[in-house]
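All remarks here apply to the structure that follows.
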Amino acid sequence: MRPAGLFLLWLCALGMLDVGLFIHGQQGRAQQRAEEPLMRLATAELGLTDLCVATEARYTRHPAVTDGVVPFMDHPGGLEHFPSGSFFAPPMAGPRAR
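Whatever position you read off the sequence shown (first residue = 1), add 85 for my numbering.
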């Protein structure tokens with residue numbers, strides 16, 4: 086196969102990947118919109134300015150108020166410094182279980 090053909094095949098594969106990621110993002114956005122009334126109710130009932138679960142560690146707060154470098158501040162083998170880190174499981178890598 087000619088190099089131009091390989092390049093065109095590579096561009097098509099990247100285009101399909103881009104479309105797949107766009108569709109996945111739209112589905113996630115729709116799910117987030119469906120859960121928004123519940124989040125608003127929770128923040129109103131708890132009297133919070135933003136939905137937060139724990140306030141002691143920067144990486145356990147709501148993503149709207151965390152720093153961008155927070156996930157990289159500890160090394161993978163580091164011990165947990167705050168008790169609230171043991172209350173929440175890490176996010177699943179695959180599809181959400183219902």
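A virtual CB, placed ideally from N, CA and C, is assigned to each residue, including glycine.
Would you kindly report the start and end of the unbroken alpha helix (DSSP H) that includes residue i?
i           : result
residue 132 : Counting along the chain, residue 132 falls outside any alpha helix (DSSP H), and DSSP gives it neither H nor E.
Measure the alpha-carbon distance for residue i versus residue j and round it to whole angstroms.
i           : j           : result
residue 86  : residue 97  : 16 Å
residue 92  : residue 103 : 16 Å
residue 113 : residue 129 : 24 Å
residue 105 : residue 95  : 15 Å
residue 101 : residue 88  : 20 Å
residue 125 : residue 116 : 15 Å
Tell me which same chain residues have a C-beta within less than 7 Å of the C-beta of residue i, skipping the five on either side of it?
i           : result
residue 133 : none
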